[in-house]
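The structure appears right after this line, and notes come after that.
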Amino acid sequence: MKEKNMALKDVKEKSDLPQKVLENVDLEDALDLAGAGRYQLVHTALMLFSTTAAILEMIGVAFVLPAATCDLQLSDKLRGIITSIPNIGVILTAALWGRASDTLGRKPAMIASASMGGFVGLLAAFMPNLLAFSICKFCGSLFLSSASSLGFAYICEMLPVKSRDRTVLICNGLVMILSTLCPVLAWLILPYEWRYQMGAIIFRPWRLLTIVYAIPLLVVAVCMTWMQESPKFLVTRGKRTEALAVLRKIYSINRGKPEKEYCVKSLSCLSETASDASDTDELRNNSILSLLRPPHLKWLLLTGFLMFGLFSLLNGLFLFAPDTINRMLTGTSDEVGTICLYMNNGNNITAITDACVDTISNSTLLVMVVTTLVYSVIVMAISVAPLSKKTLLVAVFFVVGISCLVSGLSKNRMLAGVAMSSLQITALGIGPLTAYAIHLFPTSLSVCCPQFAAAKRPKLK
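Numbers given in the numbering used here equal positions in the sequence shown, counted from 1, plus 302.
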């Protein structure tokens, strides 16, 4: 073993010289020898685009519905239910898509998820009524889980160990910045008032925005056809020859050399190898039961409670921000009140003419764009700062808690709107909380949560 490690070290130090032929190399060492370069850059960019595309489809409905109120005859009572539909579908199918990525592969799961999610999301733009629109959105959300959560694991499985931590931190911040596209696209499209009769429907800007939010998923599906399968998945399924072929291609793209010059000629088995592949179902079932027994039960309840707090704000209350801020800034009433007053009082029907009004003001979109961009930069800066996970989590919950109180108690419309839009800062807590989950639960339990499987277990701070 010592001689093998010395040989690997010698090869890495002399990568530009004729290299020795190495056999039975560990996958992590083989990835290190393939290098981190152009291929990983393109792959990581595509995974970021995939996550962003899923976010646009999930959060975009919050910007579409206020502008579609009249065409879909959407009541205030149903608005909350329709807004939450994308998250419902993602939650219901998270385990199924995790299982699909473990059995079929990362690449097929991503292609199927992105293509079907984008196609059904595209159909929603042409639905004539609320029921058909809601069904399309729900069916489309059933395919979003893989596109939204598998990306980070897929990134890690293509990178050498030394590059993973920094890459994931940077990607976490970039996803937040890229999510600014959601209000920006709405700002560019919704202010227009054109309309075209197309059979049974009237094609208005909100329908175009729905199409724009769905198209990135289709682009991801097409681009994924040129990507390589995860070598870790291939090795765990006993396909070491295919995994080696992937590593050769990565080496060739990164180094600009022929594939035959890659020094690794065979791979060794992982600890979770093909010999154990037939026991995956049994392992999965045992892992699920282990989570419900001490000592894991208390950590499951704690991390689950904290994760529920994060997502109930980020994918819950924050989705009502565009409509609520629009009501506050466009309200015709002289009555001064808190944000709760505007959330409880619908204003899409004018009292004088009984005409339906579903326009979104430029002020609303401007507030969402500016605040999202500012908070995204803050999240990006803090993500790469040398702060402990505990400090980050405490700070996130404290700041967001204060923001909730300010938005609920303040009678200043602009202050309340800015405070409510700051709920997106909760995205900063997802990374540290996920890292805690990876540390607290043994590797064998990561089968229950495939998005954690590729991550390197961090030191708990």
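Virtual Cβ for every residue (Gly too), placed ideally from N, Cα, C. All values reported here derive from a predicted model rather than from experimental measurement.
As the crow flies, the alpha-carbon of Ile-513 is around 6 Å from that of Ala-427. Excluding residues up to 5 positions away in sequence, Leu-725, Gln-726, Thr-728, Ala-729 lie with their Cβ nearer than 7 Å to the Cβ of Leu-616 in the same chain. The straight-line gap separating the alpha-carbon atoms of Cys-642 and Met-478 is approximately 27 Å. Sequence-distant Cβ neighbours of Leu-480 in its own chain, meaning closer than 6 Å and more than five residues away, are Thr-354. In terms of Cβ geometry, Leu-608 and Gly-731 form a close pair [threshold 9 Å]. The distance from the Cβ of Thr-605 to that of Leu-735 is about 6 Å, consistent with a contact at the 8 Å cut-off. Here Ala-449 is buried: its Cβ has 16 or more other Cβ atoms, across all protein chains shown, within 10 Å.
Excluding its 5 nearest sequence neighbours in each direction, Tyr-553 has C-beta neighbours in its own chain below 6 Å: Ala-336, Tyr-564, listed in chain order. As summarised for the region 343 to 383, the continuous alpha helix (DSSP H) elements at least 4 residues long and confined to that stretch are 363 to 374, given in chain order. Within the same chain, Cβ atoms closer than 8 Å to the Cβ of Gly-423 are found at Glu-359, Cys-438, Lys-439, Gly-442, Thr-512, Tyr-515, Ala-516, Leu-519, the five residues on either side in sequence being excluded. Sixteen is the threshold: since fewer than 16 other Cβ atoms of the shown chains lie within 10 Å of the Cβ of Lys-322, the residue is exposed. Nearest in C-alpha terms to Glu-531, of all of Leu-549, Val-522, Val-524, is Leu-549. Judged by DSSP secondary structure, Met-500 falls within the beta strand (DSSP E) whose first and last residues are 498 to 500. When C-alpha distances from Ala-523 are compared across Ser-352, Ile-504, Ala-338, the shortest belongs to Ser-352. Leu-480 carries a helical assignment under DSSP once its states are collapsed to helix, strand and coil.
Of the candidates Thr-661, Leu-594, Phe-613, the residue whose Cα lies closest to the Cα of Ser-386 is Phe-613. In the three-state reduction of the DSSP assignment, Leu-711 falls in the helix class.
Annotation for Ile-504: the continuous beta strand (DSSP E) segment containing it runs 503 to 505.
Here Leu-510 carries a helix assignment [DSSP, helix/strand/coil].
At the C-beta level, Val-566 and Leu-536 stay beyond 9 Å of one another. For Leu-689, the secondary structure class from DSSP, reduced to helix, strand or coil, is coil. The three-state secondary structure of Val-323, taken from DSSP, is coil.
When DSSP states are grouped into helix, strand and coil, Leu-444 belongs to the coil group. Here Arg-509 is near Ala-370, since their CB atoms are less than 9 Å apart.
Residue range 598 to 616 is occupied by the alpha helix (DSSP H) that includes Met-609. Looking at the DSSP output, Leu-569 shares a beta bridge with Val-327. Contact between Ser-415 and Leu-446 holds: their C-beta atoms lie close to 7 Å from each other, under 8 Å.
Of Val-698, Ala-683, Val-671, the smallest CA-CA separation from Val-720 is found for Val-671.
Across the set Phe-454, Ser-377, Lys-534, the C-alpha of Lys-534 shows the shortest separation from the C-alpha of Thr-405. Sequence-distant partners of Ile-390 (beyond 5 residues in either direction) whose C-beta falls short of 8 Å from its own C-beta, in its chain, are Phe-440, Ser-443. Counting only runs of 4+ residues, the alpha helix (DSSP H) found wholly inside the region 398 to 438 occupies 408 to 426, in chain order.
By the C-beta density criterion, Met-716 is exposed, having fewer than 16 other C-beta atoms within 10 angstroms. DSSP places Ile-555 inside the alpha helix (DSSP H), whose first and last residues are 542 to 557.
Taking the Cβ atoms as the reference, Val-669 lies roughly 7 Å from Ser-723, within the contact range of under 8 Å. In this structure, the alpha-carbon of Leu-599 lies about 34 Å from that of Asp-328. Boundaries of the alpha helix (DSSP H) harbouring Leu-631: 623 to 632, taken from the DSSP string.
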